[in-house]
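Colleague: Using UniProt numbering, you'd call the opening residue of the sequence shown number 1 and step up by one each time. Got a structure here, written out as structure tokens. Questions coming.
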Amino acid sequence: MQTAGGCAGMCVDLTLFPLDTIKTRLQSQQGFNKAGGFRGIYAGVPSAAVGSFPNAAAFFVTYECTKSLLGAGGPLAAPHVAPVTHMLAASLGEIVACLIRVPTEVVKQRTQASPSSTTYQMLLATLREEGVRGLYRGYRSTVLREIPFSLVQFPLWEYLKTLWSWRQGHTLYSWQAAVCGAFAGAVAAFVTTPLDVAKTRIMLAKAGTATASGNIPLVLYDVWKSRGLTGLFAGSIPRMTFISVGGFIFLGTYEKVRRVLL
């Protein structure tokens, strides 16, 4: 399970990294061009490389274990409440995975928005200015982005797999599970883009500013006031592309590796 989730996570994060950089720069307060434009498109990639395997592994171990425990007996074992089980398992998986994801995301996004600095320099600067707490800036906003995302993506993914499997009369192939994952991911990505914008702004804000305090409604209101609906959905196309293609690779690789290991 850890290996399947970890391999899938690394495939996605490293293959699609340039799209993630473009999304971060589109969402940054200084705007796309001032944040680096198309220059240094792989800025921050070491941080993503270090965090992607343990982050994905932590999510899937928690997701599968919680799903097994909740489905083992009691009221949540019934087939008609399966979506609730998937939602709870995915939410808990995100809370655990964010303990690893947030520090790597903070360093990665700050390097993406300031490509003249290296990942190591940004890590040292963050620790020097804010200590370890600085690496967890935006933990709450990341969890509050990931939980709604998972509440949409995973039940939709499981539902689409069940429906397709029932229609064709046998278990899905890995590529079919991947197609379901791509569609579910794109829908979830679009719906949660405003929360992703808030998370990016909070992580990139200067220490001590109102944005850095992590007040999500306040950050969203500021974005709405300065850039309207366009600002709230800034970076939605690269985000949807990243997560849709990522969902295809991630969930397809996960299904394939899990079947090989089992």
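Glycine residues also receive a C-beta, built at the ideal position from the N, C-alpha and C atoms.
What three-state label does DSSP hand residue 274 in the structure shown?
Modeller: Here the chain comprises residues numbered 1 to 262, so residue 274 is not present and cannot be evaluated.
Colleague: Give the list of continuous beta strand (DSSP E) stretches no shorter than 3 residues that lie fully inside the UniProt repeat "Solcar" (172-260).
Modeller: Segments of the beta strand (DSSP E) lying fully in the UniProt repeat "Solcar" (172-260): there are none.
Colleague: Do Leu144 and Pro194 come within 7 Å of each other at the CB atom, strictly closer than that value?
Modeller: Working through the sequence shown from its first residue, we reach residue 194 at position 194. Working through the sequence shown from its first residue, we reach residue 144 at position 144. Cβ atoms of Pro194 and Leu144: not closer than 7 Å.
Colleague: Which residues in the same chain as Ala177 place their Cβ atom closer than 7 Å to its Cβ, once the five residues preceding and following it in sequence are excluded?
Modeller: The sequence position of residue 177 within the sequence shown is 177, counting from 1. For Ala177, where only same-chain residues beyond five positions count, the Cβ hits under 7 Å are Lys161, Leu251, Gly252, Glu255.
Colleague: If we count Cβ pairs, one from each stretch, closer than 8 Å, do we get three or more for the stretch 200-207 versus the stretch 22-36?
Modeller: Yes, they touch.
Colleague: Whole angstroms are fine: how far does the CA of Thr66 sit from the CA of Asp196?
Modeller: Counting from one through the sequence shown, the residue named residue 196 turns up at place 196. Counting from one through the sequence shown, the residue named residue 66 turns up at place 66. Between Asp196 and Thr66, the C-alpha separation is close to 26 Å.
Colleague: Short check: CB of Gly185 to CB of Thr104, under 7 Å?
Modeller: Here residue 185 corresponds to residue number 185 of the sequence shown, with the count starting at 1. Here residue 104 corresponds to residue number 104 of the sequence shown, with the count starting at 1. No; because the gap between Cβ atoms is not below 7 Å, this pair is not in contact.
Colleague: For the stretch 153-168 against the stretch 112-124, do three or more pairs of beta-carbon atoms, one drawn from each stretch, fall closer than 8 Å, so that the two count as touching?
Modeller: Verdict: no, contact absent.
Colleague: Quick check on DSSP: helix, strand or coil for Met115?
Modeller: Residue 115 sits at position 115 when you count from the first residue of the sequence shown. One detail in the question is off: residue 115 reads as Pro in this sequence, not Met. The answer is coil: DSSP assigns Pro115 none of H, G, I, E or B.
Colleague: Once you ignore the five residues that flank Ser89 on each side, which residues in its own chain have a CB closer than 6 Å to its CB?
Modeller: The count along the sequence shown starts at 1 and reaches residue 89 at position 89. According to the sequence displayed, residue 89 carries Ala and not Ser. The answer, listed in chain order, is Tyr63, Thr66, Lys67.
Colleague: For the 8 Å Cβ check, are there 3 or more pairs between the stretch 42-56 and the stretch 92-108?
Modeller: With a cut-off of 8 Å, the stretch 92-108 and the stretch 42-56 count as touching, because enough Cβ pairs lie within range.
Colleague: Which of helix, strand or coil does DSSP assign to Phe53?
Modeller: As a working note, residue 53 is residue 53 in the sequence shown. In this structure, Phe53 counts as helix in the three-state DSSP scheme.
Colleague: So, using beta-carbon positions, are Ala189 and Ile243 closer together than 7 Å?
Modeller: The count along the sequence shown starts at 1 and reaches residue 189 at position 189. The count along the sequence shown starts at 1 and reaches residue 243 at position 243. The answer is yes: Cβ separation under 7 Å.
Colleague: Assuming Val143 is part of the alpha helix (DSSP H), what are its boundary residues?
Modeller: Locating residue 143 in the sequence shown gives position 143, where the first residue counts as 1. Taken as a continuous stretch (DSSP letters only), the alpha helix (DSSP H) holding Val143 covers 139-168.
Colleague: Smallest Cα separation from Gly214: which of Ile100, Arg39, Gly138, Asp13?
Modeller: On the sequence shown, residue 214 is found 214 positions in, with the first residue counted as 1. Nearest option by C-alpha distance: Gly138.
Colleague: Exposed or buried, Ala207, counting other C-beta atoms within 10 Å across all chains shown (16 or more means buried)?
Modeller: As a position in the sequence shown, residue 207 is number 207, starting the count at 1. Ala207 is exposed by the Cβ-count criterion.
Colleague: Can you grab the Cα-Cα spacing for the pair Met10 / Thr119, in whole Å?
Modeller: Start at 1 with the first residue of the sequence shown, and residue 10 comes out as number 10. Start at 1 with the first residue of the sequence shown, and residue 119 comes out as number 119. In a straight line, the C-alpha of Met10 is about 18 Å away from that of Thr119.
Colleague: Can you tell me the Cα-Cα spacing of Lys23 and Thr171, whole angstroms?
Modeller: The residue labelled residue 23 in the question sits at position 23 within the sequence shown. The residue labelled residue 171 in the question sits at position 171 within the sequence shown. Straight-line Cα distance between these residues: approximately 36 Å.
Colleague: Out of curiosity, what's the CA-to-CA distance linking Thr241 and Thr230?
Modeller: Counting from one through the sequence shown, the residue named residue 241 turns up at place 241. Counting from one through the sequence shown, the residue named residue 230 turns up at place 230. Thr241 and Thr230: Cα-Cα distance of roughly 18 Å.
Colleague: Any idea if Gly131 is buried or exposed, counting beta-carbon neighbours within 10 angstroms, 16 or more meaning buried?
Modeller: Position 131 of the sequence shown holds residue 131. Counting Cβ neighbours within 10 Å, Gly131 comes out exposed, since fewer than 16 surround it.
Colleague: Tell me, to the nearest whole angstrom, how far the beta carbon of Ser150 is from that of Ser91; I am working on the premise that it is less than 8 Å.
Modeller: As a first step, residue 150 is located in the sequence shown; it is residue number 150 there, counting from the start. As a first step, residue 91 is located in the sequence shown; it is residue number 91 there, counting from the start. Right, the Cβ-Cβ distance comes to about 6 Å (below 8 Å), so this counts as a contact.
Colleague: Determine the extent of the alpha helix (DSSP H) in which Gly36 is found, giving its start and end residues.
Modeller: Translated into the one-based positions of the sequence shown, residue 36 becomes position 36. Looking at the DSSP string, Gly36 is not in any alpha helix (DSSP H), and its letter there is neither H nor E.
Colleague: To the nearest angstrom, report how far apart Arg110 and Arg25 are at their CA atoms.
Modeller: Position 110 of the sequence shown, counted from the first residue, corresponds to residue 110. Position 25 of the sequence shown, counted from the first residue, corresponds to residue 25. Cα to Cα, the separation comes out at about 10 Å.
Colleague: Is the beta carbon of Ile41 sitting closer than 7 Å to the one on Thr15?
Modeller: On the sequence shown, residue 41 is found 41 positions in, with the first residue counted as 1. On the sequence shown, residue 15 is found 15 positions in, with the first residue counted as 1. No.
Colleague: Tell me whether Leu124 sits in a helix, a strand or coil according to DSSP, three-state version.
Modeller: One-based indexing of the sequence shown puts residue 124 at position 124. In this structure, Leu124 counts as helix in the three-state DSSP scheme.
Colleague: Short of 6 Å in beta carbon distance, which residues of its chain neighbour Ala43, apart from the five on each side in sequence? Order them along the chain.
Modeller: Position 43 of the sequence shown, counted from the start, is the residue given in the question as residue 43. Counting only Cβ-Cβ distances below 6 Å, and skipping sequence neighbours, we find Thr111, Gln112, Pro115.
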